[in-house]
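Chains as they are written, first to last, in the numbering used here: chain A, 1 to 144; chain B, 1001 to 1144.
Since the structure comes first, as structure tokens, the remarks are kept for the end.
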DNA sequence: TTTTAATTGCGAGTTTTTATCATTATAAAG
DNA sequence: CTTTATAATGATAAAAACTCGCAATTAAAA
């Protein structure tokens, strides 16, 4: 079973496998959307795993440093969000009205990075793209 | 002269033309890069225009609401940044090392939005794209 | 086991941003 | 050019989102 396959993942990053840590990784991995530190904290509580909020912050930061998670800032929310660092990266479509976040699988700018690298002499490490708009539900609700 | 041509701009948005407000708009307009509230606050001080920090926050927020400015979150800095809302939108290339921010004029995903609109039935309002990497200077400095 | 070093909890401290409310300034009306 | 209504500002406090220091705990190496 892949129950606790975070053990190896943590180990490879030189991190100890603690209950909180693997629980947080699991929460990230199971979540379809980026989550805030507070959401992780509450989710842990749900699972009867007590953890201090500052530990959650620290852990998320550590996971991001070790590239096991990604830290992002989605516009409209001042808080940092975190997502599991999947091999295939994702972009999100965010509804400006209801704040719903929907993953987009296709990345429209992968090719563009090379062009940009040549043009600017930067070594491109990655990019961040989010698209904003109004979801079908909210389009109907608004119609003013 | 276009010295105080922010007057009309503010007026059209139903905002009073105050000294602080037009000074802030001018700072945004003249800046090649997005700026934080604090930077605006300090820049005002430089110009001998006293303004309270909370006024700066409030003003930036108002300008963003009225679409005279755009509010953004560039990764790596937890603070909100603001830029003048130019007709042609811009993307930025950010150096992960020295935090330098360079505008990119070309937008590689304009076309993609239409496709996405059809596919998701969202009404797309805009997008946010930043590219991250290492600038030529920092590439040399690092070489470890 | 025992030891060593990483991790956590807790409390306090920062930083960034927002709210309240009395005062002041803008611009509309007279 | 005043007066007046309303919008904007300053000052202060407070909320929200993190971050830090240090003692206690725990994981894993010896």
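For glycine and all other residues, C-beta sits at the position ideal for the given N, C-alpha and C.
Keep in mind it's a predicted model, so treat the numbers as computed, not measured.
Residue interval of the alpha helix (DSSP H) (run including residue i)
{"i": "residue 1007 of chain B", "result": "1006-1012"}
{"i": "residue 1118 of chain B", "result": "1110-1120"}
{"i": "residue 69 of chain A", "result": "Run containing residue 69 of chain A: none in the alpha helix (DSSP H); it sits in the beta strand (DSSP E), 69-72."}
{"i": "residue 1032 of chain B", "result": "Careful: residue 1032 of chain B lies outside any alpha helix (DSSP H) and carries neither H nor E."}
Sheet register partners of residue i (DSSP bridge)
{"i": "residue 1094 of chain B", "result": "B:1101 and B:1132"}
{"i": "residue 89 of chain A", "result": "DSSP lists no partner for residue 89 of chain A."}
{"i": "residue 1126 of chain B", "result": "A:132"}
{"i": "residue 82 of chain A", "result": "A:35 and A:71"}
Buried or exposed (CB count within 10 angstroms, at least 16 for buried), residue i
{"i": "residue 1144 of chain B", "result": "A caution first: residue 1144 of chain B carries a pLDDT of 49, below 50, which makes its placement in the model too unreliable to give a value."}
{"i": "residue 30 of chain A", "result": "exposed"}
{"i": "residue 1115 of chain B", "result": "exposed"}
{"i": "residue 1018 of chain B", "result": "exposed"}
{"i": "residue 1118 of chain B", "result": "exposed"}
{"i": "residue 1002 of chain B", "result": "Residue confidence for residue 1002 of chain B is low, a pLDDT of 42 falling below 50, so the modelled location carries little weight and cannot support an answer."}
{"i": "residue 1074 of chain B", "result": "buried"}
{"i": "residue 978 of chain B", "result": "A question about residue 978 of chain B goes unanswered here, because the residues of chain B that appear run from 1001 up to 1144."}
{"i": "residue 27 of chain A", "result": "buried"}
{"i": "residue 34 of chain A", "result": "buried"}
{"i": "residue 1010 of chain B", "result": "buried"}
Assumed close pair residue i, residue j - CB separation to whole angstroms, cut-off 8 Å
{"i": "residue 1107 of chain B", "j": "residue 1138 of chain B", "result": "With 8 Å as the limit, residue 1107 of chain B and residue 1138 of chain B do not qualify as a contact, their Cβ atoms being about 25 Å apart."}
{"i": "residue 1082 of chain B", "j": "residue 1064 of chain B", "result": "7 Å"}
{"i": "residue 131 of chain A", "j": "residue 1089 of chain B", "result": "13 Å between Cβ atoms; not a contact."}
{"i": "residue 1051 of chain B", "j": "residue 1020 of chain B", "result": "5 Å"}
{"i": "residue 1122 of chain B", "j": "residue 76 of chain A", "result": "The pair is not a contact, with the Cβ atoms about 15 Å apart (cut-off 8 Å)."}
{"i": "residue 80 of chain A", "j": "residue 1078 of chain B", "result": "7 Å"}
For this session: Could I get the ranges of all uninterrupted alpha helix (DSSP H) runs contained in the region 35-62 of chain A, with 4 residues as the minimum, in chain order?
Result: Listed in chain order, they are 37-46.
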